[in-house]
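Participant: Protein chains in written order, with the working numbering: chain A, 1 to 545; chain B, 546 to 721.
Just dropping this structure here.
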């Protein structure tokens, strides 16, 4: 155990020093919030995945949920996640990237006006504060169980390390640190699944023990369980969620989008997102499948588990040998730090860009907003620490997180899709639809509280209300939606159309320009990657469905 | 003296104290953890034939079970839904505790470990997914599911064709 502690302390110190090193060239808001638009695709890939996977949305909370509900939890890693990564990479990122924006709310304002921007920004700030608090709580509880240090001591150490490099270095430091952490995470945590499956005699042995000897329902091992399953209302909604909450997450979550906005080119942004679906798929082997075997280990070895969220930490503490445990914890802490860092950076971006600069203090110098970003980061850390005691009272944190997200992402995905794919969508329609969908989601939380249902039906209600309200009101002016809709994306894709149109005094260009496009090598072709990954998802569905 | 600085430190200290008191672990978790720790000690004591310590640790665990865990379960299982799983297992845990007492007095080392593990698992949180009934599909489920699935595929195809058509209507293909 002392050797493990040494590894952890060295790791945290290195992260702290590396963060300071990466932050030394940060001088403007573009550096701070968009990493000077310099990140290549593999950094984006690592950063996107490391942002997505942390204590909360990964190892501890989703691992805990897998312990609680079984393989159904792998839906996030095998279907919703990769599918949404690919769709977002192929279709949505281009709109943000070409618009030259800092935040998703900025895009919403250009398409729909300032009201939606403000509502959306405030909603995300609230979600991010809860997210950071939950990450700190899970990380603090995990380190407390592992090291025996007091809970608040571990929380403050985590906050100190991640807060320092995010506060000083902004997105640039965060992306570089996330890539390093992505590698450590992969190397450090992959051995667990092999060790566990060896103990329980493979996946078949695991199923045999639980189903035949423990009389557990076979649905514990089904990734698409029965339509009446209490966790979710069945396969059709789970599949439908590939098109709602996960797309909302990938295309609307500021942390996820911001990584791509820091790319050195649109191609890097797209490829980074699409390829990130590979480690996303592997995530199920890091923290979902091991947790299916966890009950057997706990029962056989007499390990006390107080709640599902603590199960992952208890498992590795009692299973891994000294030395490997330290490396594993370093990997796990990497996951947590990267997620906290990215959310912290994104929250400060929204606070400064979408609230402070847009509505409160306009027209100041770039340096003023750059300093404001750092102050905002510090205040967000404090506010999140205040929320930690509240999230400790939650039974299953994953459920809380998904419920809050579903409430926002259902309505958001609806207006985003309509805004991009239907030029007719206008401001009054989207605003009425968004607010109605949000109110409907709130009612569903009170009445039903199943996040799959909340996301799906609030999406449907928002779609229907927005379409009706849009048709009853005036269409938007052409110049307002120019460059912000799918049809317009074709212009940019073939290039020169817009310029040619401008040269013709705004008249339509009827001839397709002859353009020579330099294709990337086959192994960096987006379509190949997307096809292979989707085939893997289908294979997983057939095997585990 | 920099008063503002001390004010700030005071606020941070007050915040930390408040947060610490708010974040105190739930009592129901703490008492079960303590019981599990004592039972783990019983295993260790029995493996080295230290039967006096084993009995002492067992009595500590049994005392926590009788005075704390059972009391909390009887008080709270009506109001807190998540307590019901432990309430349902109360009798079997009680039987295992009685059985363990016998094994310790009989000094049956080989059976003590598995019995202790059984008790600890009994007071641990079990997955809710274990109790889900087997899958049942009705005709309506299939109709609804296939309707949405096929409907979506038709929608995507039509929408894709519409986008393609509207694009080429505006920008005609270049003839070579």
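Don't be surprised by glycine CBs; every beta carbon is placed ideally from N, CA and C.
Residue 11 of chain A: buried (16+ other C-beta within 10 angstroms of its C-beta) or exposed?
Facilitator: Per the 10 Å Cβ criterion, buried.
Participant: Given that a residue counts as buried once 16 or more other Cβ atoms are within 10 Å of its Cβ, and exposed if not, what is residue 640 of chain B?
Facilitator: So residue 640 of chain B ends up on the exposed side.
Participant: Using a threshold of 7 Å, state whether the C-beta atoms of residue 125 of chain A and residue 350 of chain A are closer than that.
Facilitator: Yes, they are a contact pair.
Participant: Comparing alpha-carbon positions, which option in A/48, A/77 and A/297 lies nearest residue 659 of chain B?
Facilitator: When each option's Cα is compared against that of residue 659 of chain B, the closest is A/297.
Participant: Between residue 685 of chain B and chain A, is there a C-beta pair that is closer than 7 Å?
Facilitator: Not one chain A Cβ lies under 7 Å of residue 685 of chain B.
Participant: Out of curiosity, what's the CA-to-CA distance linking residue 82 of chain A and residue 534 of chain A?
Facilitator: Approximately 8 Å between the Cα atoms of the pair.
Participant: In three-state terms, what does DSSP make of residue 725 of chain B?
Facilitator: This structure leaves residue 725 of chain B out entirely; chain B is present only between 546 and 721.
Participant: Can you give, in chain order, each stretch of the alpha helix (DSSP H) that sits fully within the stretch 217–260 of chain A and has at least 4 residues?
Facilitator: Within the stretch 217–260 of chain A, the complete alpha helix (DSSP H) runs of at least 4 residues are 235–241 and 245–252.
Participant: Report the residue from A/339, A/270 and A/444 whose alpha carbon sits nearest the alpha carbon of residue 130 of chain A.
Facilitator: Closest option to residue 130 of chain A, Cα to Cα, is A/339.
Participant: Quick check: what's the CA-CA separation for residue 644 of chain B versus residue 671 of chain B?
Facilitator: Near 22 Å, if we compare the C-alpha coordinates of residue 671 of chain B and residue 644 of chain B.
Participant: Check each residue of the stretch 405–416 of chain A: if its Cβ is closer than 9 Å to any Cβ of chain B, include it; give the result in chain order.
Facilitator: The residues in question: there are none.
Participant: Could you work out which residues of chain A lie near residue 681 of chain B, taking near to mean beta carbons separated by less than 7 Å?
Facilitator: Under the 7 Å cutoff, chain A gives 226 and 228.
Participant: Count the other CB atoms within 10 Å of the CB of residue 684 of chain B; is the residue buried (16 or more) or exposed (fewer)?
Facilitator: So residue 684 of chain B counts as exposed.
Participant: Under DSSP, the alpha helix (DSSP H) around residue 536 of chain A begins and ends at which residues?
Facilitator: Looking at the DSSP string, the run of the alpha helix (DSSP H) that includes residue 536 of chain A is 526–544.
Participant: Rounded to whole angstroms, what is the Cα-Cα separation between residue 703 of chain B and residue 694 of chain B?
Facilitator: Whole-angstrom Cα-Cα distance: 14 Å.
Participant: With the cut-off set at 7 Å, would you say residue 96 of chain A and residue 200 of chain A are in Cβ contact?
Facilitator: No.
Participant: For residue 112 of chain A, which of A/525, A/540 and A/428 has the nearest alpha-carbon?
Facilitator: Per the Cα distances, A/428.
Participant: Can you say whether residue 446 of chain A is buried or exposed, counting buried as having 16 or more other CB atoms within 10 angstroms of its CB?
Facilitator: By the neighbour-count rule (16 or more Cβ atoms within 10 Å), residue 446 of chain A is not buried but exposed.
Participant: Which of the three DSSP states, helix, strand or coil, is assigned to residue 39 of chain A?
Facilitator: Three-state DSSP puts residue 39 of chain A in a strand.
Participant: Just verifying my parser: in three-state terms, what is the DSSP assignment at residue 133 of chain A?
Facilitator: Reduced to three states, the DSSP call for residue 133 of chain A is helix.
Participant: Can you find a CB in chain A that lies within less than 7 Å of the CB of residue 610 of chain B?
Facilitator: No, its Cβ sits nowhere closer than 7 Å to a Cβ of chain A.
Participant: At a Cβ cut of 9 Å, what residues of the stretch 189–210 of chain A count as close to chain B, listed as they run along the chain?
Facilitator: Cβ contacts with chain B come from 210.
Participant: Secondary structure at residue 18 of chain A, three-state DSSP: helix, strand or coil?
Facilitator: Residue 18 of chain A falls in the helix class under three-state DSSP.
Participant: From residue 164 of chain A to residue 356 of chain A, what distance separates their C-alpha atoms?
Facilitator: Their backbone Cα atoms lie some 22 Å apart in a straight line.
Participant: Compare the C-beta of residue 583 of chain B with all C-beta atoms of chain A and state if any pair is closer than 7 Å.
Facilitator: With 7 Å as the cut-off, residue 583 of chain B does not count as an interface residue toward chain A.
Participant: Using a Cβ-Cβ cut-off of 7 Å, state whether residue 677 of chain B counts as contacting chain A.
Facilitator: Yes, because at least one Cβ of chain A sits closer than 7 Å to the Cβ of residue 677 of chain B.
Participant: Could you name the residues that DSSP lists as bridge partners for residue 263 of chain A?
Facilitator: Looking at the DSSP assignment, residue 263 of chain A forms a beta bridge with A/39.
Participant: So, helix, strand or coil for residue 110 of chain A, using DSSP?
Facilitator: Three-state result, residue 110 of chain A: helix.
Participant: Which residue's Cα is closest to the Cα of residue 621 of chain A: A/420, A/438 and A/315?
Facilitator: This structure gives no information on residue 621 of chain A, because the portion of chain A shown stretches from 1 to 545.
Participant: Mind checking residue 21 of chain A: buried by the 16 CB within 10 Å criterion, or exposed?
Facilitator: Counting Cβ neighbours within 10 Å, residue 21 of chain A comes out exposed, since fewer than 16 surround it.
Participant: Can we say the stretch 239–250 of chain A touches the stretch 402–421 of chain A, given the rule of at least three CB pairs closer than 8 Å?
Facilitator: Touching, per the Cβ criterion.
Participant: Using DSSP with H/G/I as helix, E/B as strand and the rest coil, what is residue 333 of chain A?
Facilitator: Residue 333 of chain A: helix per DSSP, three-state reduction.
Participant: What in chain B is Cβ-close to residue 301 of chain A, meaning under 8 Å?
Facilitator: Here the neighbours are 662.
Participant: Listed from N- to C-terminal order along the chain, which residues in the stretch 45–73 of chain A have their beta-carbon within a distance smaller than 8 Å of any beta-carbon of chain B?
Facilitator: For the stretch 45–73 of chain A, which is checked against every Cβ of chain B, the residues closer than 8 Å are 67, 68, 69, 70 and 72.
Participant: Under a Cβ-count criterion, where at least 16 other Cβ atoms within 10 Å of its own Cβ denotes burial, should residue 523 of chain A be classed as buried or exposed?
Facilitator: Per the 10 Å Cβ criterion, exposed.
Participant: Is there a C-beta anywhere in chain A that falls below 7 Å from the one on residue 596 of chain B?
Facilitator: No, no contact with chain A.
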